[in-house]
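Numbering (the working numbering), first residue to last: 10 to 302. Note that the Cβ used here is the ideal one computed from N, Cα and C, for glycine as well. Note sheet for the following structure.
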């Protein structure tokens, strides 16, 4: 009885479904199925003894198949997940490539804009440099026309703009020195010509005083002549000499040669009178040559 119960139990365990049979066909053991006639449940309460080893084998195969099926299902799930991730990575890669392409295009555009801006800047700088060079050359030519001095650089910089600037600096130095000398000379002459005026503070105003419509040289000469005549008359009065000044004043027009002769004859006697009036003749320039050391 115990043996029959054990056989029944093994028979129940050995039952397989149609799905398992299909799996066995895939495994290549369908031929055995055609050769073996499986008894029906209602025909035999327990499988015959000769079928039991085969049933054990089928049970072992079924158990393995169930494990493989779970493993295959797990692999299929992992494969589906991997495919999903691959699709996501593909989309992300496409987006990345699109963004990369857009970035490259933007950089190329910016590089082109920067290149064009640089070319425009270089062109503007070159034009500006040419304009500055022309203006500096014009100023140098103007100095040459006024000072009658033309210079050449001993050690040019091999840069046209710097060389022209150096020449202009030389002319500027010459002009400054000339202005200093002119201001000093005009300042010394100003009290003699404008003894009732205050000397201007700027050089331009000082120079304008000497460039008026009046002939300052003639004016100064006449002023000196007046002082000389008045001084001479005062000295004659002091010496108690009797002179008919009305006749002197009515001498009329004297010829140039006679006038020059009278002046020449008066020079020996005029020195004392000039000395009395405070006249100091300018020292004559020395004719001796300077000693060469």
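Limits of the unbroken alpha helix (DSSP H) element including residue i
i	result
residue 288	From DSSP, residue 288 is part of no alpha helix (DSSP H); its letter is neither H nor E.
residue 238	225-247
residue 201	169-202
Residue i, DSSP secondary structure in three states
i	result
residue 221	coil
residue 275	helix
residue 89	helix
residue 133	helix
residue 162	coil
residue 253	coil
residue 207	coil
residue 264	coil
residue 109	helix
residue 157	coil
Rounded separation between residue i and residue j - CA only
i	j	result
residue 91	residue 116	36 Å
residue 176	residue 195	28 Å
residue 100	residue 139	58 Å
residue 265	residue 243	27 Å
residue 152	residue 129	35 Å
residue 106	residue 88	26 Å
residue 208	residue 281	35 Å
residue 225	residue 205	15 Å
residue 273	residue 235	20 Å
residue 127	residue 110	25 Å
residue 180	residue 141	17 Å
residue 136	residue 144	12 Å
residue 216	residue 154	20 Å
residue 86	residue 121	52 Å
Same chain only: Cβ atoms within 7 Å of residue i, ignoring 5 sequence neighbours per side
i	result
residue 212	188 and 192
residue 229	201 and 202
residue 325	Only positions 10 to 302 of the chain appear in the structure, and residue 325 is not among them; the question remains open.
Nonlocal neighbours in the same chain, by C-beta distance under 8 Å from residue i, ignoring five residues either side
i	result
residue 156	180, 183, 184 and 187
>> With three or more C-beta pairs closer than 8 Å as the rule, is the segment 183-193 touching the segment 164-173?
In response: no
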